[in-house]
Structure formats: structure tokens, C-alpha cells
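Everything on this sheet refers to the single structure shown next.
Residue numbers (the numbering used here), protein chains in the order written: chain A, 1201 to 1693; chain B, 30 to 579.
Spelled out as C-alpha cells, the structure:
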């Protein structure tokens, strides 16, 4: 028997196939890009690299399917001595990352060409970030999780600042990097305390050790609070949300879309893993903390969005408020709550990406297209875009029969099941606040007068992506059954 | 076709919408014709409901039942009882009239305009025939978006403010109602072990009173804002004044009824304990009475024609909710009938305003005066609409208000005493309005050349006038249709109400215990014997009480 195989079995390999493939394709894209003159005859054909991303995603998807087929009787595959665990939860979230990455990749080339910053490494960064996310959703070891988080975050720091000549983009990247580094420090501190308590970095062992301690143990609380601070930063929950509006506004819109959806989904997956895993025993201590954080997040996100005139900023605040809803699912913490988070993340992926796609179409040569005035009269100029945006916004607000309603439905139901009536009332009333600022956009689109006549940017990728996000936003709302079943596979065991 | 008739009625506007989307936006004539055909078809298709409806059957008819989201226990479950029947017919008829009245009023973005009306129509019909709470909620919310656009795009000067106010108010109420729904849904799971949104299943719940009360208030917010009951009425005048004529017509005639319907279909049967709770009943009755009196007084003060009618809606809807919370057959039947009446008469009043606004582009009452000289047909029709709204005997308003007052009287004489002032004020503001606009000499030269109604405009009013007279003269079919559902609701809320000894002494009984509205016998049989002079047409229950009062 090969001594090597003791440390790297085929099962180990199975648990990381998708991430490996994503990383390899990422490297391949870098190489292709380096020889682009030779390979496809110049930078004007750089958009062919999108096919590299698509191929990577196909392979990653096949990897997920293979994992799904090999799930053990307990519903999971464990690799590397329990450092990586593939289960329904991880697979579900990875499908979401795939959807997000595909959509972002196919819409990016047009945007970056217009912005004059179309470089091949962008696509590699998308894939590298995604392979980091893979470990956030499947990691069950503090070190694995940390590496996954940093891999994702570093890629995003670069992508946010991708418009090198744009001041806002640079500023955004700098802010995100500094605050992100600080929050990571807090997170690692929390990890170190957990390691100190348990003597292991494996989540399962930490969970056992912490369960033996009283829920209100101050050291456990310290570990919880610092870990939470680091994670709350990533999902842009209050009071760690400050970076989000600046980073979202400054980043290229395609990156904003990716950041707001995939990064948030991965971080939520991480959050759920930690809080429903090692910290599950000290629920009594963190539940009120998270409840306060969730309400604060809802409040800040929703109230600050009201006065925004930049749509990207407005959507940034709205995405903060969505983080609040997702946190409420964790506060409820029962089966419905966790399914609710999965459903919420799923619908949020489509509707939020969709809304940003419309903004991407608004970016044209010499027109930034991010202000409320820029979208004015969209109904005259391009009724299709306007109606799609309306659907996305209604869905973001949670109005049936759009997908967004399902997400909110689960969260509200989970809160009621667990007796959090006051939280439920607050959460529902913010729906009415949200509709106010979402409808500022609607009002501008439908009742405003056009400020300029330039036609919208369009490309095959953009059209397909808009169609797909619009379709799923409506389809999940109108016939949710298959999607709900999918989400129910994601329950942690 | 019979087993899918409700789906057909429900989806006809959507089918029309699907075709409309493919018509060229520039061809307004074609779009107008198509929209009118669709709405006419919507009405005609709903007519068989009337003929096939069996008024003697208890429960729901034309039921359709499919699983929609099995993992949540959501069903596509439609069904119709007498209350739904009347409201659906009102909806389809008003939908047609609203579409027709927009023929020359709307020139801008015609395609979007009619598309919104078709979507709205589906939403409203869906609300009235859903027997699954989730489905109901979807339709309930579906109505908001098209109405927002109808007010916000084709409305008056402050349209955007009015539109978002309408949206926010109703949405805030309905999300809280959603929490109430989810509470029932979860409690059902706790008691029966499976999740379902079926109304019939949720009715089996056995909830403690305090929980019923909480859920009741959650529902109350949703429904009361929609009705609107005082003090949640402030969105209504804004929405009405700014909405285009057809929007006002639909809003007043149908949309507000969604709230009262909600009380009847959900609050009362699902939460019987809370509905009979003395505190709750008192609060709702008092709010209704305040609405009646306040709405009427504010109407008296209005300088704006449309605002006057808008506030009169608050007053009339106060009657409807008062009838509901009288919790007796007369009150509830009267309430439903009054909902139809309000749809007819206020619909007509808004059409009247639309006609004059199209000509003069102002709604200031003082701009008018003596219009009867130049527009005799218009004056006649306005008079009928006005009398119908004011409750002149032999027109519809009288029957509804009278029955409600009887119900209120049976429940609590003081309520009836206050509510009846609303009738008086109602006559006052309407007659005064008529006098200021129609009678006397023409004081404003601009009014001299006004064109009288054309054929299309007369055609708008004719069906409504005919309906008003029908209800006023011969309301028996309506009470017949309502008998079963109303009996069921009363039986559900006050078990044993109909078992009390059938004696003529109802008066003594209710006098002995007026506050709690002690079970008084339904004096149906007695009534028939007591009414030698009245035509057999009149509702027996009314006559019984009528004789008693005399």
C-alpha cells in the first residue's frame, strides 16, 4: 500500500473535486491570457475566456453531482480527517455559487470592455474566489474555513479595485481591505480561543467540548463574540456594515453583484456552520445577541436606504437589510429557520443578481448609469428592462407571487414557530419600509422622464442572464415546489 | 366546463392580458377595442355563475382543488358561496364599466393602462374566490401593484404621493395579517400534525382566546386598512382624488370590499371566540360608528367633488363593518348587500365626476352650478346615483342601510341611534352637493357650452341604474343567495343563535339584554305573517323587524 494514500485517499479527493477544478481552470485562464495574442489573436477576443469559466463551472457542477451520488448513509462524505465535509448543505450552497459565478462571468465582459478594464485575470479571480467559497460551505475545520475565507476575501479585494483608474474603485478596495483585515483579525482571535478551549481545530470536537461548558461561560462568550464579529462583517450586518455601501458603489457593478450574492451566501453558510455547530450549545448566549444584531441590521439597512440617490448604494443598503432577514432565520434556528436561510439565499441570488444586471445594462460609454435619474424613463426606452427590474424589486421587497416572498415567508414562519413574535412584527413592518425605497426606483423608471437617449448596453450574455434571473425569480414564486425540495436537502444533520 | 368555471372566470383577464402584450403599443384603437372586449367577455363568462348557483346549498360551490405547493400545504382551491357570488359579479361588471369609461379619458400609455386593469381584475376576482389562505394572500398582494401604477402613472397632480401612500398603508396592514395567517398555520400543525393553508382545515382549530385575539388584531389591521375603517382611512381620500376615474371606480366599488370580505370570510369564521369578545366587538362597532359619522361630517365640508364622494365611502363602509359586527343575520346580510350597493352607487358617483372632469378639468364644486340646464341627461343620472347613495326607498341604498340598522338595533340600540345620524348626514351632503352643482342658475360662463352625455357614457350608467332599481324594488334574490352563508357565519360565531325558541317576543328579549345582543330568534316565519301590505319581494327578515318597530 502506498504510504501517501494514507494522507490522500480517493475519498479525500472526492470531497474537494470542485474546488480543485475551479482552481485549475483559474490557473489555466491566467496562462491562456498570457498567450492570448498567440492563442486567439489579440485582446479584442479576450471575452473567449468566458468559455473557460463556463467549462470550469460545468466541471465543478459535475463534481457536485458526483459527490451527491456518493453521499454516505449518514448523508455526508468526510475527507482529510474531518477537515472537509460534503453534505447536502454544502452542495446546495455550491450550486448557488455556480449560478452566481456563471451569471457574473457572462455579463462581465461587456461591462469591463466599456469600462476599459477588460483583463483576463478577472475571470481567474472569479474562479479562485469561488474555490474559496467552496471551503466556506464545506469546511469543518477552523483552519480550512479560515483559508477558504481568506482566499475568497483576497480575490474580492482585488476585484473591487479592478477599475484601476477609477478613484471610487480604488477607495472602495482600500476600505474593504482595511476593514476586512481588521475583521479577519477578530475572527482569528475567536478561533484561537475556541482552539484553546477545545484543543482541536475540528468543529465536531470543539462542539463536544463547548457543550460540556455552561452556555454563559465568559470564555465561550468571548470566542462567540469575536467570531461573530468577524463573520458579521462578511455578511455586512450592523454594526459591521460600514464598508458595504462604499465597496458596493465603487466596485465594478459585475463585481458588486458577485460580492453581494456569492460572498454573502458563502459567509452565511460559514455562519450557520459555526453557530449551529460548535456554538450550538451556547445558544442561550448568542441568540439574544444575534437578535439585536438582526434588528439593528434591518433598521440600518432599511432606514439608510431611504435617502439614497445612487442605485448601487441603495441596493447595498437593501442587501444589508437582507442580511438581517437571513440572521433572523438563524435566530429562530429551527428546521424551518435553516431551510428558510437556504431558500432565502437561493431567491436572493436570482433577484439581487437580476437587479444588478439591469444596472450593468445601464452602464454605457461615458454614462455611469447608477443614479436614480439615469434609470428615469426606462419604461419608454426599454420596457423589457423596466418590467424585469420591477419584478426583481418586488421580489426583493417580498411581494408575492415573486420568489422573494418565499424567502420572507420561511423566515417569518420560523420566527412564529419559535415564539419570536416581536421580532416577526418588526421584520414584517420593514417590508413596508423597503417597498418605499424600492419604489423610488420604480417611480423613476415608470413615471420619470428620460435624461438621455443612449440605448442600453447589451450583449448575448447579458440578455441570457437577465432572462434567466427573471425567469427564476418568477418561477420560484409561482411554482416553488421543486426549489423548496432542493432547499430542504440542505438541512444540516 | 362546469368544474373549471371559476378558473375560467379568474383567468379570462389574464388571457386577455397575454394577447394584449403582443398588440402594437402605437395602435391605440385596437388596444382599446381588445381591452373592452376582454372585460366584456370577463363579465359575460361570469354570468353563468348566477344561473348555475344553487342558493339552497350550504357551503361552497364550483369548487376546484389542486395541490400547488405540497411541501407547504398550499392548494389552488377555489370556491364560491353567496357572498363571493355577489362580489364576483360586482367585480366583473365594474371591471367592464371601468374599462369602458376609460375610452376617451386615457390617451397616454394606453397599453400599460389596460394591462394594469386586467391584472387588477384577476387579483380582485381571486381574492373573492380563494379558499386557501396562501392563495388568498397572493391575490390580495397582487392587487396592490397594478393599483399603484394606475394611480401613480395615470393619476392627478399628486399621484405619486397618493400611490405610494396607498401601497405602503395597505402593505403594512397585509404583512401583519400574514403573521396572523402564519400563526394559524403553525397552530394547525401543532394541533393536527400537518401543515395546510386550507380555510376549512384551519377552521377546525381550537385556539385559546388570547391567541385568537392577537390573530384577530393582526387580521384586523390588514382588513381595516383596506376597508378603510377609521382611523386608517387617510390613504383613501388621497388615492381617490388622484386616481383616474376608472381607478376610483374600481377602488371604491371593489377594492374596498376586499377588506369587508376579509372580515366575513376569515376573521369571523376562523376566530369566532375573538369575534364575539365583547371588548373587540365594542371597539369595532365604535370605530365603525365614528367612521360613519366622521366620514359624513367631513363630506359636508368638502370643496372638492371627488373628495366629497371619497369621504362618503368612509361613511358607507362604516355601515358595512357595523353590520358585520352586529353579528346577527340582518346585520351581516345587510352588510354584504350594502357592499354591493356601495359599489353600484359610489361607482356611479365617481363615473359622474369622471364625466364632468373630462369636460371641465376641475372638480371644485364652486366652479359648477346650474348644470341641469345644459346637461339634462347628466342631471337625471346624477340624481339617481345620488339618491341611490343617500338611501332613498325603492333604490338599493335604502335596503342595505335599513337591514344593517336593524341588525345594529338588535345588537345594541345605541349603535343604531348613532349610525342613523349617518343616514341623515348622508342625505344632507349629497343633496347639498346636487344643489350646488346642478340646480339654480348657471353662474360660471364656462359651463354654458358643456356637452350632455353621449351614448357611450349613458351606456356606462344604464346597467348600474338597472341594478340599483332591481335591488331597491326586489331584493329578495339577494337575501336568498345570502341566507346560507350568513346563517353559517352566524352559527359559527354564535352557536345556538338559531336554536332559540322561535317566538314573536324577539323585541322583549333584545330589550332585556341589548348589550350582549342575546340570541334573538330569526323571525323569518313571523315576518312573513306580519307583512300583509308589503310586496312579497322585500326580505322577510326586514319586514319582521319593520312591523316590530312600528
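Note that CB positions come from ideal geometry on N, CA and C, so glycine has one too.
- Residue contact check for residue 1525(A) against chain B: no CB pair falls below 8 Å.
- Annotated three-state conformation of residue 1275(A) is coil, per DSSP.
- For residue 198(B) against residue 264(B), the beta-carbon gap comes to about 4 Å, under 8 Å, which counts as contact.
- When DSSP reads this structure, residue 1510(A) sits in a beta bridge with 1571(A).
- When C-beta atoms of the stretch 103-122 of chain B are compared with those of the stretch 135-147 of chain B, fewer than three pairs fall below 8 Å, so the two segments do not count as touching.
- The beta carbon of residue 1665(A) sits closer than 7 Å to those of 1303, 1306, 1307, 1557, all from its chain and outside the five residues before and after it, given in chain order.
- Within the stretch 194-223 of chain B, contact with chain A at the beta-carbon level (separation under 8 Å) is assigned to 196, 197, 200, 201, 204, 205, 207, 208, 211, 212, 214, 215.
- Leaving aside the five residues that flank residue 1454(A) on each side, the residues in its chain whose CB is nearer than 8 Å to its CB run, in chain order, 1304, 1307, 1308, 1311, 1312, 1556, 1560.
- Contact annotation: residue 1433(A) and residue 1392(A) have beta-carbon atoms that are not nearer than 8 Å.
- Contact of residue 1535(A) with chain B is not assigned, every C-beta pair being separated by 8 Å or more.
- In this structure, DSSP gives residue 262(B) a state outside helix and strand, which the three-state scheme calls coil.
- Counting only the Cα atoms, residue 1646(A) lies some 8 Å from residue 1580(A).
- For residue 1635(A), a Cβ of chain B is located within less than 8 Å of the residue's own Cβ.
- By a beta-carbon distance limit of 8 Å, residue 1448(A) contacts residue 1460(A). Their separation comes to about 6 Å.
- A check of alpha carbon separations from residue 1509(A) across 1538(A), 1529(A), 1571(A), 1642(A) identifies 1571(A) as the nearest.
- In this structure, the alpha-carbon of residue 476(B) lies about 45 Å from that of residue 511(B).
- At a C-beta separation below 8 Å, residue 1612(A) has these neighbours in chain B: 207, 208, 211.
- Scanning chain A for C-beta atoms nearer than 7 Å to the C-beta of residue 166(B) yields 1600, reported in chain order.
- Nearest neighbour of residue 90(B) by Cα position, chosen from 112(B), 72(B), 525(B), 382(B), turns out to be 112(B).
- In the DSSP assignment, residue 1416(A) falls outside any beta strand (DSSP E) and carries neither an H nor an E.
- Contact between residue 386(B) and residue 274(B) holds, with the beta-carbon distance rounding to 7 Å and staying under 8 Å.
- Here residue 326(B) has 454 as same chain residues with Cβ atoms under 7 Å from its own Cβ, once five neighbours each way along the sequence are excluded.
- Here residue 98(B) carries a strand assignment [DSSP, helix/strand/coil].
- The alpha-carbon separation between residue 268(B) and residue 195(B) amounts to approximately 6 Å.
- If you draw a straight line from the Cα of residue 1272(A) to the Cα of residue 1407(A), it comes to about 22 Å.
- For residue 1625(A), the residues of chain B that pass the 8 Å Cβ criterion are 205, 208, in the order they occur in the chain.
- The beta carbon of residue 171(B) sits closer than 8 Å to some beta carbon of chain A.
- Residue 1233(A) carries a helical assignment under DSSP once its states are collapsed to helix, strand and coil.
- In this structure, 526(B) is the residue among 66(B), 496(B), 526(B), 288(B) with its C-alpha nearest to the C-alpha of residue 439(B).
- A Cβ of chain B is located within less than 8 Å of the beta carbon of residue 1680(A).
- Taking 8 Å as the CB threshold, residue 100(B) lines the interface with chain A.
- For residue 1287(A), the enclosing beta strand (DSSP E) stretches over residues 1284-1287.
- With a threshold of 8 Å between beta carbons, residue 1651(A) makes no contact with chain B.
- Under a criterion of Cβ atoms nearer than 7 Å, no residue of chain B is adjacent to residue 1453(A); the nearest Cβ is some 26 Å distant.
- Here residue 55(B) carries a coil assignment [DSSP, helix/strand/coil].
- According to DSSP, residue 103(B) shares a beta bridge with 98(B).
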